[in-house]
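*Asks:* One structure coming up, written as structure tokens, with questions to follow.
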Amino acid sequence: MTDTTTPDPAAVAAAEADMRAQGIPTHEHVQADYFGFEEVSRVTLPDGVSYVEHRTLTEGQRRKYLNGINRDVVIQKATGDARVAMRPGDERYSLLKVALCGWNLQQNGQPVLFNDRNLEKFLESAPPKVIDVIDKEVRKANAWLIEDMSVEDIDKEIATLQELRETKLEEDSGN
6 MTDTTTPDPA
16 AVAAAEADMR
26 AQGIPTHEHV
36 QADYFGFEEV
46 SRVTLPDGVS
56 YVEHRTLTEG
66 QRRKYLNGIN
76 RDVVIQKATG
86 DARVAMRPGD
96 ERYSLLKVAL
106 CGWNLQQNGQ
116 PVLFNDRNLE
126 KFLESAPPKV
136 IDVIDKEVRK
146 ANAWLIEDMS
156 VEDIDKEIAT
166 LQELRETKLE
176 EDSGN
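Position in the sequence shown (from 1) plus 5 gives the number in my numbering.
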């Protein structure tokens, strides 16, 4: 019996050579559909069972997120002083509110329906350690979020992580 699932490389090469000799293209280019973009990823939570799903943001979702974190700059004419209200917690909350799109979570042994109300409740009451894991994965999937970071900003993040690592090692060793 002949295996028909794997094409014979010699036969494929011969067919392509024959097609080229006749002026027939050997490959067809397919135009991309830029309107149907939807990429969903899953983050498994520390229990190994629960998960949340997040999306790579479309341009419309990105605009919604950016508009949600936009802050007004107040400039006082007399002194020339500028004031901007910074709210880093709101920035992360806005990002996760736009990016999260599903989950497998339970509360008191019962499945929790994914909807805006429950999402807000989850973001308010989940342990920061869990939200950190989710935030990290969402940012990885949306690389434009870190494009504005300078090397200095990244170095600061690395230093912070090193400090956290040292603290954790001390805790684990019982010091």
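By construction, the Cβ of each residue, glycine as well, lies at the ideal position given by its N, Cα and C atoms. Note that the structure is a prediction, hence the values are computed from the model and not measured.
What would DSSP say about T84, mapped onto helix, strand or coil?
*Replies:* As a position in the sequence shown, residue 84 is number 79, starting the count at 1. In the structure shown, T84 sits in coil (DSSP, three-state: anything other than H, G, I, E or B).
*Asks:* Which full runs of the alpha helix (DSSP H) of 4+ residues lie inside the segment 9-89, going along the chain?
*Replies:* Runs of the alpha helix (DSSP H) inside the segment 9-89: 14-26 and 64-74.
*Asks:* Applying the 10 Å Cβ sphere with the 16-neighbour rule, what's the burial state of H59?
*Replies:* For this step, residue 59 is matched to residue 54 along the sequence shown. Burial call: buried.
*Asks:* Would you mind working out which of A20, S178 and K173 sits nearest T31, comparing C-alpha positions?
*Replies:* By one-based count along the sequence shown, residue 31 stands at place 26. Among A20, S178 and K173, the Cα nearest to that of T31 is on A20.
*Asks:* For L110, does the three-state DSSP call read helix, strand or coil?
*Replies:* Along the sequence shown, one-based indexing puts residue 110 at 105. L110 falls in the coil class under three-state DSSP.
*Asks:* Can you tell which of L62, V17 and T10 has the C-alpha that lies nearest to the C-alpha of K145?
*Replies:* For this step, residue 145 is matched to residue 140 along the sequence shown. It is L62.
*Asks:* How big is the Cα-Cα spacing for K141 and N123?
*Replies:* In the sequence shown, the residue the question calls residue 141 occupies position 136. In the sequence shown, the residue the question calls residue 123 occupies position 118. Going from the Cα of K141 to the Cα of N123 covers about 21 Å.
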